[in-house]
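Trainee:
Chains as they are written, first to last, in our numbering: chain A, 316 to 484; chain B, 54 to 608.
1. Would you list the one or two residues that DSSP bridges to residue 556 of chain B?
2. Counting only Cβ pairs nearer than 7 Å, list the residues of chain A close to residue 360 of chain B.
3. Within the same chain, show all residues whose beta-carbon is closer than 6 Å to that of residue 536 of chain B, passing over the 5 residues directly before and after it, in chain order.
4. Closer than 7 Å, Cβ to any Cβ of chain A: which residues of the stretch 206-225 of chain B, in chain order?
5. When burial is assigned at 16 or more other CB atoms within 10 Å of the CB, is residue 199 of chain B buried or exposed?
6. Measure from the C-beta of residue 380 of chain A to each C-beta in chain B and report whether the shortest distance is under 8 Å.
7. Who are the near neighbours of residue 520 of chain B in its chain, counting only those whose CB is closer than 6 Å to its CB and skipping five residues on each side?
8. Check this for me: beta carbons of residue 582 of chain B and residue 412 of chain B, under 8 Å apart or not?
9. Anything in chain B within Cβ reach of residue 360 of chain A, meaning under 7 Å, just list it in chain order.
10. What is the rounded straight-line gap between the Cα of residue 532 of chain A and the Cα of residue 332 of chain A?
11. What does the alpha-carbon distance come out to for the pair residue 87 of chain B and residue 181 of chain B?
12. Output yes if chain A places a C-beta closer than 8 Å to the C-beta of residue 300 of chain B; else output no.
13. Any contact between the stretch 479-489 of chain B and the stretch 316-330 of chain B? By contact I mean 3 or more CB pairs, one from each, below 8 Å.
14. Quick check: the stretch 428-442 of chain A against the stretch 361-374 of chain A, are at least 3 beta-carbon pairs closer than 8 Å?
15. Determine whether the Cβ of residue 354 of chain B lies closer than 8 Å to any Cβ atom of chain A.
16. With 16 other CB atoms within 10 Å as the buried threshold, where does residue 608 of chain B fall?
17. Run the proximity test for residue 207 of chain B: is its beta-carbon closer than 7 Å to any non-hydrogen atom belonging to the ligand PLP?
18. What distance in whole Å lies between the Cβ atoms of residue 596 of chain B and residue 403 of chain B, which are believed to be in contact at a cut-off of 8 Å?
19. By the criterion of Cβ-Cβ separation under 9 Å, what are the contact partners of residue 177 of chain B in chain A?
20. Can you round the beta-carbon distance between residue 364 of chain B and residue 349 of chain B to whole angstroms, since I take them to be within the 8 Å contact cut?
21. Using 8 Å as the limit for Cβ to Cβ distance, is residue 389 of chain A near chain B?
22. With distance defined between alpha-carbon atoms, name the residue in B:460, B:510, B:375, B:397 nearest to residue 620 of chain B.
23. Residue range of the beta strand (DSSP E) that residue 220 of chain B falls in?
24. For residue 257 of chain B, write down the residues that DSSP places opposite it in a beta bridge.
25. Mind checking who residue 465 of chain A pairs with in its DSSP beta bridge?
26. Run the CB neighbour count on residue 397 of chain B, radius 10 Å, all protein chains shown included, and call it buried at 16 or more, exposed below.
27. Give the DSSP bridge partners of residue 75 of chain B, in chain order.
28. Does any residue of chain A bring its CB to less than 8 Å from the CB of residue 201 of chain B?
29. Taking C-beta to C-beta, are residue 321 of chain B and residue 256 of chain B nearer than 8 Å?
30. Check whether the stretch 470-478 of chain B and the stretch 106-119 of chain B touch, using three or more Cβ-Cβ pairs below 8 Å as the test.
31. How far does the beta strand (DSSP E) with residue 500 of chain B in it extend, from its first residue to its last?
32. Please list the terminal residues of the continuous beta strand (DSSP E) segment that includes residue 393 of chain A.
33. When you compare the CB positions of residue 580 of chain B and residue 539 of chain B, do they come within less than 8 Å of one another, or not?
34. Would residue 612 of chain B pass as an interface residue toward chain A - the criterion being a Cβ-Cβ separation below 8 Å?
35. Does residue 328 of chain B get closer than 8 Å to chain A when you measure Cβ to Cβ?
36. Quick one: give me the first and last residue of the alpha helix (DSSP H) that residue 550 of chain B is part of.
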């Protein structure tokens, strides 16, 4: 059965590592749904968070294949219950006076913020779980989306360990 | 001491025990070649005709000797010419270290003359690769490359060194060679489960691959076979791991495997796969493969467990530790009925065995068996001749069969044979076809220059035999582009390169030519004329299973 899951990959913060990781998905015939990358509490390490859709075979293969890469220090699948997850979206919509009230109440419900206001367009920011972001997009879609971009998911284990716990440095 | 980067490259290689480098000079590696010139007392460079040949030679050098092969090439086309050789090594888990020069860092990214992003190109075909940015890191990168290449499941590593790093000065201090990265210990519970499962089974089949050679597990595999009273088969990469004459050994299984080996694998109630990946060439139709059998899979690489065939018990870790662990919990079995059944399968296989009554492939392989000794390395190219060699040649020592298994690289053989002959200094035999030989025959010049003891047997049928066989069986005899018209005179060709050339059309001519060539200590090309419609049999048709095996050619 196909499911969406999150793979969290701790890598050495070195030249070309992102390409090594992403090309492994292509090599093994799997598709990345979203990807985000940034440094961790140690500047020597970065975390790459990938969401992908696949069955149990895809999940196990990707974890094992990624684990073989020399610059990859830790690979784990973050289950929904064990992790906090956030995504950020920026969306630009028409500033239509007829829809003003509806828009403002939507922003309120989703705790979204207006970042830029002009007479023609509004730029809005919203953060949350992917489900919330999906719902937010559906809410503002009737107002006329001009442009939209999502960061991809970042996720972190709820446990007491840090990124580098049990990592040989 | 303060050395130039190029000198550090050579000193570090010497420090790591390298005595031979295969390569081809060029603009971006001139400084490294200058450093080689100064250290000819310690390190021998073997120049080939083409960088691909050098990569295959370095690969063949490892397969024959177990010593890491090193290949050196210049930037741009020199580096791209290595690609097929590196991919060949990757697919067969060969620890090849490729060193390339590149343009100076100030010229990188500007499409400079002979600039290419070789670390980008080789990313999916290396175990790891490095671009060296700082001369201070150079020696450690080379040490790391060797360590990565040899540790765990081995594989090729490429180091790209820009020209400015080669001329920069830096302090160099030799270091002792570091031990390999440890392979993780196998899970104790899984080991116990495997022993328990085996104790309940009565028709065991051990399927081995190249990992058994790499981990020196021959004796343990044999002990396991004795204990479970089972039989052993192998993938192409597992050939030479077990003595061909061992009564428990059934030979290669799969698409062109021995009938008894494939059939026994199909009838087994448990398959113990060791150091192998269940390639499609070994399994045929995966859905029907070993449908009634439990599978225990042991491999150093976690990603191989369950990748192609799901395992009931998948053990990741050291092969030798895993087998030893299983042996500790294993009862001595007596599977008389199973051994009798296997003997029946063998008898059926023997009924279909070809006869050595004309200059046919079977005769050629029988003669090579008669001439070679235990240490003779046989290299092959890819195609019908490769399968005949895999089926009929006998081996008693590991690392004496060198063949491109995973990538199936036509043109691999001559370079690999040269590498084996350079490494072993023992008479070496290349078995090739006229198709494969044509791909990289330029390396005849290398063989002659090196004056290696090399006998080249071209199984010359004037066609691309393996493709023709498929066209005969599955494409209504539409021989599209597989008939090699405009025949090459291989005798004259050999002579033009300075080698000896002989054409043989009869059994007597071949026997004589082979013996003379093998004893000569030089390079001989034997153009061995065989029929264009010889088949490789048995054949498990693509997508087929054991019951679909073609054992006889329909008249």
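Every residue, glycine too, gets a C-beta built ideally from N, C-alpha and C.
Fair warning: this is a prediction, and the values are worked out from it, not measured in the lab.
Mentor: In this structure, then:
1. DSSP, once it has assigned bridges, lists B:580 as partnering residue 556 of chain B.
2. Correct list: 376.
3. Here residue 536 of chain B has 516 as same chain residues with Cβ atoms under 6 Å from its own Cβ, once five neighbours each way along the sequence are excluded.
4. Those would be none; no residue qualifies.
5. Residue 199 of chain B comes out buried.
6. Residue contact with chain B for residue 380 of chain A: present (Cβ-Cβ distance below 8 Å to some residue of chain B).
7. For residue 520 of chain B, where only same-chain residues beyond five positions count, the Cβ hits under 6 Å are 535.
8. Cβ atoms of residue 582 of chain B and residue 412 of chain B: closer than 8 Å.
9. Neighbours of residue 360 of chain A in chain B, taken as residues whose beta carbon is under 7 Å from its own, are absent, since the nearest beta carbon is some 18 Å off.
10. Outside the shown range of chain A (316 to 484) lies residue 532 of chain A, about which nothing can therefore be said.
11. If you take the alpha carbons of residue 87 of chain B and residue 181 of chain B, they lie about 27 Å apart.
12. Not one chain A Cβ lies under 8 Å of residue 300 of chain B.
13. No contact exists between the stretch 479-489 of chain B and the stretch 316-330 of chain B.
14. Segment contact: the stretch 361-374 of chain A against the stretch 428-442 of chain A, fewer than three CB-CB distances shorter than 8 Å; contact not assigned.
15. For residue 354 of chain B, the answer is yes, since a Cβ of chain A falls inside 8 Å of its Cβ.
16. Here the model assigns residue 608 of chain B a pLDDT of 49, short of 50, so the residue's position is not dependable, and the following value carries that caveat. It is exposed - the Cβ of residue 608 of chain B has fewer than 16 other Cβ atoms within 10 Å.
17. The model on display carries no ligand, and the ligand PLP is accordingly not part of it.
18. 28 Å between Cβ atoms; not a contact.
19. By Cβ distance, chain A contributes 338, 339, 341, 342.
20. That belief holds up - the Cβ atoms of residue 364 of chain B and residue 349 of chain B are roughly 7 Å apart, short of 8 Å.
21. Chain B contact via Cβ: absent.
22. The question about residue 620 of chain B has no answer, for chain B in this structure spans 54 to 608.
23. Bounds of any beta strand (DSSP E) do not take in residue 220 of chain B; it lies within the alpha helix (DSSP H) bounded by 216-220.
24. Its beta-bridge partners are B:323.
25. Paired residue(s): A:404.
26. With fewer than 16 Cβ atoms within 10 Å of its Cβ, residue 397 of chain B is classed as exposed.
27. In the DSSP assignment, the residues bridged to residue 75 of chain B are B:99, B:124.
28. Closer than 8 Å: yes.
29. Yes. Within cutoff.
30. Result yes; three or more Cβ-Cβ pairs closer than 8 Å.
31. Note, residue 500 of chain B: premise wrong, no beta strand (DSSP E); alpha helix (DSSP H) at 497-503.
32. That run of the beta strand (DSSP E) goes 387-393.
33. Not in contact: residue 580 of chain B and residue 539 of chain B (Cβ atoms no closer than 8 Å).
34. The structure shown does not extend to residue 612 of chain B, since chain B is modelled only from 54 to 608, so the question has no answer here.
35. Cβ-Cβ to chain A under 8 Å: no for residue 328 of chain B.
36. Looking at the DSSP string, the run of the alpha helix (DSSP H) that includes residue 550 of chain B is 543-550.
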